[in-house]
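Beneath this line is the structure, given in structure tokens, with notes to follow.
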Amino acid sequence: MDSLSVGARSSAPGTWILAVVVCGLLLGLAATRCGLFDLDEGFYAAAAAEMYRSGDYLTPYYAKKPFLEKPPLLYWCIAVAMHLGLSGEIAVRLPSILSAVGTLLLVGLVAGARGGGLVAVMGLGLSPLFFGMGCLAFMDMLLTFFLTAALLLFWSSVNGGPAWFRVPMAVCLGLGTLTKGPVILVLFLLVVGITYWKLPDIRITYRRYWWEAAAAYVVISLPWYYLVFREHGAEFFQEFVIRQNLGRFGGADTAHVAPFYFYVPVLLVGFFPWSWYLPWIAVRTRGNPFYRFCWIWFWVVLVFFSI
Numbered sequence: 005m006d007s008l009s010v011g012a013r014s015s016a017p018g019t020w021i022l023a024v025v026v027c028g029l030l031l032g033l034a035a036t037r038c039g040l041f042d043l044d045e046g047f048y049a050a051a052a053a054e055m056y057r058s059g060d061y062l063t064p065y066y067a068k069k070p071f072l073e074k075p076p077l078l079y080w081c082i083a084v085a086m087h088l089g090l091s092g093e094i095a096v097r098l099p100s101i102l103s104a105v106g107t108l109l110l111v112g113l114v115a116g117a118r119g120g121g122l123v124a125v126m127g128l129g130l131s132p133l134f135f136g137m138g139c140l141a142f143m144d145m146l147l148t149f150f151l152t153a154a155l156l157l158f159w160s161s162v163n164g165g166p167a168w169f170r171v172p173m174a175v176c177l178g179l180g181t182l183t184k185g186p187v188i189l190v191l192f193l194l195v196v197g198i199t200y201w202k203l204p205d206i207r208i209t210y211r212r213y214w215w216e217a218a219a220a221y222v223v224i225s226l227p228w229y230y231l232v233f234r235e236h237g238a239e240f241f242q243e244f245v246i247r248q249n250l251g252r253f254g255g256a257d258t259a260h261v262a263p264f265y266f267y268v269p270v271l272l273v274g275f276f277p278w279s280w281y282l283p284w285i286a287v288r289t290r291g292n293p294f295y296r297f298c299w300i301w302f303w304v305v306l307v308f309f310s311i
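No gaps in the numbering here: position 178 of the sequence shown is 182 in this note's numbering, and each next residue is one more.
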């Protein structure tokens with residue numbers, strides 16, 4: 005048993021939980037120190053406010069026109085915050101803050117069982133990119149939380165945990181699909197498929213509960229897509245499916261054109277200073293099934309979005 009596995013207890017649970025609370029408070033403080041300054045923040049805040057005022061929770065609107073670029077979960081969350089009496093930047097950014105805190109809790113649970121809860125939570129929570137995305141009104145942190153939860157539930161289901169974990173796993177995938185579209189399902193299937201290929205010893209544990217998982221995914225994600233397509237038809241298909249999803253893969257979205265290596269400096273700076281330790285971590289975790297799964301996850305996301 006290596007020093008990174010269960011049993012190497014270098015931090016008590018209370019320590020990393022306190023670190024999560026501190027990171028959450030810092031995120032909340034940062035979120036209220038400046039107004040909305042990114043263009044997308046303004047779009048999302050306006051669409052959520054219109055949804056709150058009109059009571060129409062099916063179709064997001066911006067400037068009284070259907071705003072069909074993204075699914076509605078972020079708008080729903082912001083509208084709930086407004087119903088709770090919150091206003092201003094905290095209402096708009098609260099979903100990202102809570103998603104960041106939730107992600108840190110998941111990381112703390114996994115890393116804490118391996119003796120590194122405090123280091124993992126503080127390293128991730130205070131890294132520039134994670135912290136920045138955690139206090140801005142984007143959909144990325146919600147997507148990060150749901151993908152993290154889904155993949156950790158999957159790993160548990162094939163590594164000694166109950167197979168029925170695949171049902172809440174699918175619920176997370178469904179909620180992620182309501183956050184930013186089917187990209188979360190594509191990433192998940194790539195990670196699961198490559199894991200099946202590269203870790204043959206766990207293939208036997210892939211059995212059971214996949215049909216139940218598929219049903220849960222459909223029940224969570226499909227109704228909104230069906231209802232909004234029924235109401236807006238070709239307009240929704242053209243904007244959401246063709247332009248926002250297929251168009252980006254074809255390079256039609258000029259706002260997202262960048263060199264293939266774009267995310268390399270983003271990773272180095274955004275995860276600084278811990279990014280410089282990644283080669284050492286790769287060597288030290290070689291051969292451990294869980295860390296091989298984590299590296300598959302890492303490379304799938306990095307390469308996918310680089311493409």
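Beta carbons are placed, not taken as given, at the ideal position from N, Cα and C, and that holds for glycine.
- Here residue 61 is exposed. Its C-beta has fewer than 16 other C-beta atoms within 10 Å.
- The residues 310, in chain order, have a CB closer than 8 Å to that of residue 266 in the same chain once the five nearest residues on each side in sequence are set aside.
- Residue 174 is classed as buried because its beta carbon has at least 16 other beta carbons within 10 Å across all chains shown.
- For residue 269, the enclosing alpha helix (DSSP H) covers residues 267-274.
- In the three-state reduction of the DSSP assignment, residue 186 falls in the coil class.
- Setting aside the 5 residues that flank it on each side, residue 244 is surrounded in the same chain by 72, each with a C-beta closer than 6 Å to its C-beta; the list follows chain order.
- Residue 118 counts as buried, since no fewer than 16 other beta carbons sit within 10 angstroms of its beta carbon.
- Burial state of residue 58 is exposed, judged by a 10 Å Cβ sphere holding fewer than 16 other Cβ atoms.
- In this model, residue 41 and residue 287 are separated by some 41 Å (Cα to Cα).
- Residue pairing by DSSP puts residue 69 in a beta bridge opposite 66.
- Remark: C-beta atoms of residue 26 and residue 109 do not approach each other more closely than 9 Å.
- For residue 120, no alpha helix (DSSP H) encloses it, and the DSSP letter there is neither H nor E.
- In the displayed model, residue 203 falls within coil according to three-state DSSP, outside both helix and strand.
- Shown here for residue 275: same chain residues with a beta carbon closer than 7 Å to its own, the five before and five after excluded, namely 131 and 133 in chain order.
- Shown here, residue 311 sits in coil according to DSSP, grouped into three states, outside any helix or strand.
- Setting aside the 5 residues that flank it on each side, residue 308 is surrounded in the same chain by 190, 191 and 194, each with a C-beta closer than 8 Å to its C-beta; the list follows chain order.
- Between residue 177 and residue 104, the C-beta spacing is not below 9 Å.
- Under the three-state reduction of DSSP, residue 262 is assigned to coil, being neither helix nor strand.
- Here residue 179 has 77, 150 and 224 as same chain residues with Cβ atoms under 7 Å from its own Cβ, once five neighbours each way along the sequence are excluded.
- For residue 152, the uninterrupted alpha helix (DSSP H) run begins and ends at 144-162, by DSSP.
- Residue 215 sits exposed, since fewer than 16 C-beta atoms from the chains shown fall within 10 Å of its C-beta.
- Here residue 121 is not near residue 129, since their CB atoms are 9 Å or more apart.
- In the DSSP assignment, residue 209 falls outside any alpha helix (DSSP H), carrying neither H nor E.
- Under the three-state reduction of DSSP output, residue 81 falls in the helix class.
- Note on geometry: alpha-carbon atoms of residue 52 and residue 67 lie some 12 Å from one another.
- Scanning 100, 184 and 298 for the CA closest to the CA of residue 202 turns up 298.
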